[in-house]
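Heads up, the thing below is written out as structure tokens.
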Amino acid sequence: MPEIPVAREIELNFDKPSLADQRADEARVRQKLAEILGEEPRIPLSVLRKLPQTLRDNDFRVKARLLFDGHLWHLAEILPFSTQKPFLGLGIDLGSTGIVIYLFDFKSLKVIKEHHFKNPQIPFGEDILNRLHFADKPERRQKIHQVTIEALRAETKKLLVNLPLESIYYMAICGNTTMSHFLLNLETRNLYREPYIPAASWIDTLKIKELGLHGHEEGLLFVFPNRGSYFGGDLLAGILATGLHRHEEVSILIDVGTNAEVVLGNKDFLLATAGAAGPALEGGILACGMQAAPGAISRVRIKKGPYSIEIETIDGEKPKGICGSAVIDLLAQMFLVGLIDQRGKFLPERWKERFKEIDGELAFVLVPAEESATGKEIYVTQGEIKSIIRSKGAMYTILTVLCQSVGLTFEDIANFYIAGSFGNYIDPEMAGLIGMIPDVPIERFKAIGNAAGAGTISFLKNKESFGELKEILKNLTYFEMNVQPEFMQLLTGALFIPHTNENLFPNVSKKLKEKGLI
716 MPEIPVAREI ELNFDKPSLA DQRADEARVR QKLAEILGEE PRIPLSVLRK
766 LPQTLRDNDF RVKARLLFDG HLWHLAEILP FSTQKPFLGL GIDLGSTGIV
816 IYLFDFKSLK VIKEHHFKNP QIPFGEDILN RLHFADKPER RQKIHQVTIE
866 ALRAETKKLL VNLPLESIYY MAICGNTTMS HFLLNLETRN LYREPYIPAA
916 SWIDTLKIKE LGLHGHEEGL LFVFPNRGSY FGGDLLAGIL ATGLHRHEEV
966 SILIDVGTNA EVVLGNKDFL LATAGAAGPA LEGGILACGM QAAPGAISRV
1016 RIKKGPYSIE IETIDGEKPK GICGSAVIDL LAQMFLVGLI DQRGKFLPER
1066 WKERFKEIDG ELAFVLVPAE ESATGKEIYV TQGEIKSIIR SKGAMYTILT
1116 VLCQSVGLTF EDIANFYIAG SFGNYIDPEM AGLIGMIPDV PIERFKAIGN
1166 AAGAGTISFL KNKESFGELK EILKNLTYFE MNVQPEFMQL LTGALFIPHT
1216 NENLFPNVSK KLKEKGLI
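Structure (structure tokens):
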């Protein structure tokens, strides 16, 4: 069965009314659509008011635009048969740092444009917790809500440029639980107080105009549900995009952001967890760290004899900082050429020109000041290297404990989906070499880009997504990593390159032994 999108256009051709057929215009339309849809649609007053004239002006040959709300179809508009009016939707990934809007065409079923911008909530707090504290009073929460709505309105206008705003018929928005609550101006005080209860988990489909956003007067808006305060709609959108919940084989979804969020499962079960493996791996806690954006160093290669460094930046711009994929490359490359030992300790005597003291701490200079876009050195300190090793160790341990909890080994995992901008640039070979990800065939690792954004598009493409999301919520279990007694014990072994137990990394260990590194 082909997928039916949540918004569809249907051509209608009617017999003209006569003394023998005196059905009301509405009844004529309703009956014809019921035959096609298998159910009667809801017809709003705005359509009824224009219906008689539109039918007669077009010789009873028209196009109907219908929207599905999860339960029934709504007739949003009746248009002339020859209409060229665009038929658009928006998929919105409401990230806590950055927001992405995808412009989706319901005619071609393709994304035709995307637009990125900073989350306007940042002045109220760099991180989620600070924003939640700021929003402790209703009038402050209203401020955060208002700037979010205003930004979405302004950026939607920029995205559509010369296209009519009323050509947006459907929006699908995902974000973590806090972002969704701010968007809808729901009570957020209970999200960070025990027992951490959201105001709502499933939000029924809204009218776009209810939130004051730009769109068709009958346009619909769906906000992805959450499963508690720490498991938001963005991760549910990622599951929907990968199809984890549809397949027989077991796969893992890894989304690295402020935290590392991981989902293990298949069509029978879904086990989700989160852990503090994210910031260092995203470049977030490095003095010279930055997100994956133009000018970010995304790839590092170091040669020895004599030493030299090659870097790649996003969009080929002059280097501005280091993003997550380069953090992994840098650790692996420094180890491969003997600039750090298995614990990550600097060996400065090997390349004295590149090691120097910065703010009282030993640092390795990746890009000299004269070669950077900022006119400042791009470097990594000894303390930052230790943090990266802790983060990579935490990631590997999270994956290990999660698999062990259901009696699986890494060999049982068919696919490792790596999401986010981090996933777009990561080199699985380098990540495996440092012991961040398991020593399994490289082809099992699949970079899937913005899984949350892709999930909003999957939703727009298929009206069955409503049912799928309910099924995902039903099968989803949250696994509390922090209370697992074996976590710290296993983490200790993972704080080496690649690991203290070489048997866990047979292929990597063999390569490193051949190079005389272990």
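Taken in order, the sequence shown gives residues 716 to 1233; the numbers are from the working numbering.
Glycine included, each C-beta is placed from N, C-alpha and C at the ideal position.
Supposed close pair residue i, residue j - CB separation, criterion 8 angstroms
| i | j | result |
| --- | --- | --- |
| Leu951 | Ile1163 | Wrong, their Cβ atoms sit about 15 angstroms apart, outside the cutoff. |
| Ile816 | Leu805 | 6 angstroms |
| Ala1224 | Ile1141 | Note that residue 1224 is Ser in the sequence shown here, rather than Ala. Wrong, their Cβ atoms sit about 21 angstroms apart, outside the cutoff. |
| Ala1109 | Ala987 | So it is not a contact: roughly 16 angstroms between Cβ atoms. |
| Tyr1022 | Trp1066 | 5 angstroms |
| Lys982 | Ser882 | No, Lys982 and Ser882 are not in contact; Cβ-Cβ is about 37 angstroms, not under 8 angstroms. |
| Glu1076 | Thr1089 | The Cβ separation is near 20 angstroms, so there is no contact. |
| Ala1209 | Thr1112 | 5 angstroms |
| Gly953 | Ala1134 | 6 angstroms |
| Phe1079 | Leu1051 | Not really, about 14 angstroms apart at Cβ, beyond 8 angstroms. |
| Ile1238 | Phe1131 | As displayed, the chain neither begins before 716 nor continues past 1233, which places residue 1238 out of reach and without an answer. |
| Leu763 | Trp788 | 16 angstroms between Cβ atoms; not a contact. |
| Leu906 | Leu847 | 6 angstroms |
| Lys1176 | Pro720 | 5 angstroms |
Nearest to residue i (by Cα), restricted to the options the options
| i | options | result |
| --- | --- | --- |
| Glu1068 | Gly1075, Pro1083, Asp1056 | Pro1083 |
| Met1005 | Ala1047, Gln857, Ile1029 | Ile1029 |
| Ile827 | Phe1160, Leu847, Phe802 | Phe802 |
| His786 | Lys1225, Val977, Glu754, Leu1175 | Glu754 |
| Met716 | Leu1232, Glu1086, Lys1178, Leu748 | Lys1178 |
| Leu955 | Ala1167, Lys1230, Lys1189 | Ala1167 |
| Leu921 | Leu899, Arg908, Lys1176, Gly1122 | Leu899 |
| Gly958 | Leu936, Leu935, Phe984 | Phe984 |
| Ile843 | Ser823, Thr1171, Leu809 | Leu809 |
| Ser1013 | Lys1033, Ala989, Cys1038 | Cys1038 |
| Ala1246 | Arg904, Gly947, Ala722, Lys1176 | No statement about residue 1246 is possible, as the shown extent of the chain runs from 716 to 1233 and does not include it. |
| Leu901 | Ala850, Arg764, Ser1180 | Ala850 |
| Tyr945 | Ser733, Ile1017, Thr903 | Thr903 |
| Ile1017 | Pro795, Glu1027, Ile1212, Glu829 | Glu1027 |
| Leu979 | Ser1120, Asn1222, Phe1070 | Ser1120 |
| Ala1002 | Gln1057, Glu1085, Lys1091 | Lys1091 |
| Leu824 | His1214, Ala735, Thr1171, Glu1229 | Thr1171 |
| Glu870 | Ser1180, Tyr884, Tyr885, Glu829 | Glu829 |
| Lys924 | Val1015, Asn1190, Lys747, Met886 | Met886 |
Assigned secondary structure, residue i (DSSP; H/G/I helix, E/B strand, else coil)
| i | result |
| --- | --- |
| Ser797 | coil |
| Leu847 | helix |
| Ala987 | strand |
| Asp740 | helix |
| Ile969 | strand |
| Asp949 | helix |
| Leu824 | coil |
| Phe819 | strand |
| Ser1087 | coil |
| Ser733 | strand |
| Val777 | strand |
| His960 | helix |
| Asp784 | coil |
| Asp808 | strand |
| Lys833 | strand |
| Asn1222 | helix |
| Leu1232 | coil |
| Phe1174 | helix |
| Gly753 | coil |
| Phe1160 | strand |
| Ile725 | strand |
| Ile859 | helix |
| Gly813 | strand |
| Phe802 | coil |
| Ile1100 | helix |
Neighbour flag for residue i against chain D, beta carbons, 7 angstroms
| i | result |
| --- | --- |
| Glu964 | In the structure shown, chain D does not exist; there is a single protein chain. |
Legend entry - Contiguous alpha helix (DSSP H) assignments of at least 4 residues, all confined to the segment 1108-1157: 1135-1140, 1143-1148
Inset, instruction - With a floor of 4 residues, list each alpha helix (DSSP H) that falls wholly inside the segment 989-1073, ordered by position along the chain. - result: 993-996, 1039-1051
Legend entry - Inter-stretch contact at 8 angstroms, needing at least 3 Cβ pairs: the segment 953-967 / the segment 1092-1106: no
Inset, instruction - May I ask you to verify whether the segment 1178-1193 touches the segment 1091-1101, counting CB pairs closer than 8 angstroms and requiring at least 3? - result: No: fewer than three Cβ pairs fall under 8 angstroms.
Legend entry - Inter-stretch contact at 8 angstroms, needing at least 3 Cβ pairs: the segment 833-847 / the segment 768-785: no
Inset, instruction - Determine, using beta-carbon pairs with one atom in the segment 1154-1163 and one in the segment 1052-1071, whether at least three such pairs fall under 8 angstroms. - result: No contact exists between the segment 1154-1163 and the segment 1052-1071.
Inset, instruction - Scan the segment 1186-1220 and note each continuous beta strand (DSSP E) run of 3 residues or more that stays entirely inside, going in chain order. - result: 1191-1193
Inset, instruction - Decide yes or no for the touch test of the segment 924-943 against the segment 1139-1155: beta carbon pairs closer than 8 angstroms, at least 3 of them. - result: In short, these stretches do not touch, since the Cβ pair count stays below three.
Inset, instruction - Specify whether the segment 882-902 and the segment 936-944 touch according to this definition: at least 3 beta carbon pairs, one from each stretch, less than 8 angstroms apart. - result: yes
Legend entry - Touching by the beta-carbon criterion (3+ pairs, under 8 angstroms), the segment 717-730 and the segment 757-764: no
Inset, instruction - Indicate whether the contact test is met: 3 or more Cβ pairs, each with one atom in the segment 1190-1200 and one in the segment 1108-1123, closer than 8 angstroms. - result: yes
Inset, instruction - State whether the segment 841-859 contacts the segment 765-780, with contact taken as three or more CB pairs (one from each stretch) at a distance under 8 angstroms. - result: no
Inset, instruction - Run through the segment 897-957 for me and flag every whole beta strand (DSSP E) of 3 or more residues, listed as ranges in chain order. - result: Runs of the beta strand (DSSP E) inside the segment 897-957: 935-938.
Legend entry - Three or more C-beta pairs below 8 angstroms linking the segment 910-919 and the segment 866-881: no
Inset, instruction - Go through the segment 865-897 residue by residue and report every complete run of the alpha helix (DSSP H) that reaches 4 residues or more, in order. - result: Whole alpha helix (DSSP H) segments, 4+ residues: zero.
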